[in-house]
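Going down the list, the protein sequences come from chains V and R.
Per our numbering: the first sequence = residues 1 to 249.
Per our numbering: the second sequence = residues 1001 to 1317.
For each residue, glycine too, the CB sits at the ideal point set by N, CA and C.
Data first, discussion second: the structure below is written as structure tokens.
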Amino acid sequence: MLGAYITWWLFTTFHLHPLLAPLIIVPAFFLIGWGLERTLVRRVLGAEPIISLLMLFGVWLVLQSLAYVIWTGDSRTIEMPFIESTVSALGMQFAVPRIYVFVMAGLILIALQLFLTRTYLGRAIRATAQDRDAARLVGVDVDRVMGIAFGLGIALAGFGGSLLSLLFSFTPDFGRELSLKSFCIVVLGGLDSIVGVAFGAISLALAESFGVRYMPASLQNLISFVVLVVVLIALPKGIVGTLRALRRG
Amino acid sequence: MDRGRTIFVAVLLVAAIVAPFVFAERAEFVIDSLFLIFLYGAMATAWNVLGGFAGQVSFGHAAFLGIGAYTTAILQPLGVSLWIAVPVGALLAGLYSLVIGIPAFRLRGPYFSIATIGIGEATRLIALNWTSLTGGASGLTLSAAPPIVAQYFAALALCVGAVALAAWIRSSRFGFALAAIRQDPDAAETLGVATTVAKTQALFISACILGIAGSVYALHYLFVSPGSVFGFGTSIGFVIMPIIGGLGTVSGPLIGAVLYSFVRDQLAVSLPNNGDLLVFGVLLIAIVVYEPRGILGIVDRLRRARRRRAPAAGEAA
Chain V
1 MLGAYITWWL FTTFHLHPLL APLIIVPAFF LIGWGLERTL VRRVLGAEPI
51 ISLLMLFGVW LVLQSLAYVI WTGDSRTIEM PFIESTVSAL GMQFAVPRIY
101 VFVMAGLILI ALQLFLTRTY LGRAIRATAQ DRDAARLVGV DVDRVMGIAF
151 GLGIALAGFG GSLLSLLFSF TPDFGRELSL KSFCIVVLGG LDSIVGVAFG
201 AISLALAESF GVRYMPASLQ NLISFVVLVV VLIALPKGIV GTLRALRRG
Chain R
1001 MDRGRTIFVA VLLVAAIVAP FVFAERAEFV IDSLFLIFLY GAMATAWNVL
1051 GGFAGQVSFG HAAFLGIGAY TTAILQPLGV SLWIAVPVGA LLAGLYSLVI
1101 GIPAFRLRGP YFSIATIGIG EATRLIALNW TSLTGGASGL TLSAAPPIVA
1151 QYFAALALCV GAVALAAWIR SSRFGFALAA IRQDPDAAET LGVATTVAKT
1201 QALFISACIL GIAGSVYALH YLFVSPGSVF GFGTSIGFVI MPIIGGLGTV
1251 SGPLIGAVLY SFVRDQLAVS LPNNGDLLVF GVLLIAIVVY EPRGILGIVD
1301 RLRRARRRRA PAAGEAA
């Protein structure tokens, strides 16, 4: 949400091209996320898990209501020729920003996958996520890793918001729906592989696009939730997990 | 409960019962404020049974309030007695909670919480689009309100009932099971707590209380719409109140309700545009970081500090 707003804000006040906004947003959000971990998250690490959940809920409340105060609840769009441009290929018209977002998202996914599996830092992050104490035992600087992981997460979310601002209009409440959708994708595909995430995202996107043919468009946001419930009941391991289990068994 | 506390509770209760007869004619405002406090108190207590006792933070509890409110709003103009409509609303909310609990409790911790956002949102969308039943975005209007004193006692009874139930749960075997789930679900399961069953029961109780609260809400405002009773802001309120007062305690949600309804009224005037949520958000972070036990935790600290000082002063003298 904030990523989208800052892209919009940089564009309207400084006439910064929306495609360049991530150059500012990603490092800035990384620092914000890192700082958030340092100042707030760290303090509640030892407590019951719901405490850190509630704290981040508080952070979200503050950010969202700040956005309402600063930018009001009106929905915003970025308007410029680039957003409306199209290219034709294979006899079809494609919107340029959509292609751009698709390519960028794909690149980020691949980069993230390589980072998490091939670099020391990436592996340290995964180890810390699995078992903080064990990671510390094998010599991972858990404190530093958590800060970086948090910063990275926030930076990517900001990047995502910035990309989305090219496609959709947004309000301060924009993020809630999206966090639900991302969650649905993760449940669908599983988090352990790039294939899973891509697979989950494609399934949800197709379900939403085609679902609208059979039901009122105002119910579109319901689809992600229905998919979530169905998957949880029918395939508790997610689609990729189920396929894997089938292959093994 | 020690004797001092029993007397304190009794005095509060008598004051609450006498209040409408003292104020009814002169200051309807006081009655109205107290009514809201009791209603919010009941709602916060209901949320706390699942969120505080069992540690399952739900951001979608408005769904149950909405179902209760809509049941009464649909049945009352048809001439159905409130003695039937209100329990039906509670029961429907409870049944809905069972339907939801089955998939949702496959998820844990933060994942459960994210899913509840979806539950709340999905329920609101259904209410918004099922126009033939709910009137869609324009909402439903009820025919006539019961007298304010009757509403007042309904809210008071609901609140007292909810708090009494919460107090009983907390000291029962069931309550211990919930506390075990909150602290460590795996350990609880190992010790023989049927965690999913216990969580579903807590959700059911919570939903039924909210269903009744929804009816009281509808009868007070005589109008329900998806944006109000099913709104995400409503769910947020349920989360904020118990945390301010003291998560997982019996009196905490009540204290939170008093503060919440008061502060919100004040802020709604002075800080439009969701300014109240900004304040509550900051408050929430501060509480979670510095005193996760909320106001009750602060009171406890002060009391301990005084006790520590008292003997020291005695020695000096």
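For V1216 (chain R), the closest Cβ of chain V is not nearer than 8 angstroms. With at least 16 other beta carbons inside 10 angstroms of its own, D1276 (chain R) counts as buried. By the criterion of a C-beta distance shorter than 7 angstroms, A1218 (chain R) is surrounded in its chain by A1069, T1072, A1073, L1142, V1224, once the five residues flanking it on both sides are discounted. Among the residues facing chain R, M146 (chain V) is not included, as its CB has no counterpart in that chain under 8 angstroms away. In the DSSP assignment, F1223 (chain R) is bridged to R:T1141. G1055 (chain R) and A1016 (chain R) have their C-alpha atoms spaced approximately 31 angstroms apart. When Cβ pairs closer than 8 angstroms are counted between the two stretches, the region 22 to 29 of chain V is seen to touch the region 151 to 166 of chain V, the count reaching three or more. Taking 8 angstroms as the CB threshold, R1106 (chain R) lines the interface with chain V. Taken in chain order, the complete alpha helix (DSSP H) segments of 4 or more residues contained in the region 1214 to 1298 of chain R are 1226 to 1229, 1232 to 1245, 1252 to 1270, 1275 to 1290.
Around I1119 (chain R), the same chain offers G1060, A1063, I1100, A1104 as residues with beta carbons nearer than 7 angstroms, after the five sequence neighbours per side are excluded. Within the region 162 to 237 of chain V, complete alpha helix (DSSP H) segments of at least 4 residues are found at 174 to 189, 194 to 214, 220 to 234, given in chain order. Going by DSSP, Q93 (chain V) is part of the beta strand (DSSP E) stretching over 92 to 95.
Here the alpha carbon of G1079 (chain R) sits roughly 29 angstroms from the alpha carbon of L1034 (chain R).
Boundaries of the alpha helix (DSSP H) around F1153 (chain R): 1148 to 1170. Going by C-alpha positions, G1297 (chain R) is about 17 angstroms away from R43 (chain V). Our two residues, I1117 (chain R) and A1144 (chain R), have alpha carbons roughly 33 angstroms apart in a direct line.
If you look at L23 (chain V), you'll find it in the alpha helix (DSSP H) that goes 21 to 39.
The count of Cβ pairs closer than 8 angstroms, one atom from the region 1126 to 1143 of chain R and one from the region 1201 to 1213 of chain R, stays below three, leaving the stretches out of contact.
When DSSP states are grouped into helix, strand and coil, A89 (chain V) belongs to the strand group.
Between L1050 (chain R) and A1180 (chain R), the C-beta gap is not smaller than 8 angstroms, which leaves the two residues out of contact. Taking 8 angstroms as the Cβ-Cβ cut-off, the region 1125 to 1137 of chain R approaches chain V at L1125, I1126, L1128, N1129, given in chain order.
By the beta-carbon neighbour count (other beta carbons within 10 angstroms, threshold 16), I1114 (chain R) is buried. Ranking V:F170, V:L204, V:G151 by CA distance to the CA of F30 (chain V) puts V:G151 first. By the CB criterion at 8 angstroms, A1213 (chain R) and L1039 (chain R) fall inside the cutoff. Taking C-beta atoms as the reference points, A1044 (chain R) and G1256 (chain R) count as a pair closer than 8 angstroms. Excluding the 5 residues flanking it on each side, I185 (chain V) has same chain C-beta neighbours closer than 6 angstroms at G200, A201, L204, in chain order. Between V1216 (chain R) and L1158 (chain R), the C-beta gap is smaller than 8 angstroms, which places the two residues in contact. Where L1128 (chain R) is concerned, the enclosing alpha helix (DSSP H) starts and stops at 1109 to 1129. Annotated as distal: I1240 (chain R) and I1295 (chain R), with beta-carbon spacing of 8 angstroms or more.
Per DSSP, F1176 (chain R) is one residue of the alpha helix (DSSP H) stretching across 1173 to 1183. The Cβ atoms of V59 (chain V) and L36 (chain V) sit closer than 8 angstroms to each other. Note that the C-beta distance between L180 (chain V) and S209 (chain V) is not below 8 angstroms.
The continuous stretches of alpha helix (DSSP H) do not include F1053 (chain R), and DSSP gives it neither H nor E. Taking C-beta separations shorter than 7 angstroms and ignoring five residues to either side along the sequence, the partners of V1086 (chain R) in its chain run T1072, I1212, S1215, following chain order.
Within chain V, no C-beta atom comes nearer than 8 angstroms to that of V1149 (chain R); the closest sits roughly 36 angstroms away.
For P1103 (chain R), the enclosing alpha helix (DSSP H) begins and ends at 1082 to 1104.
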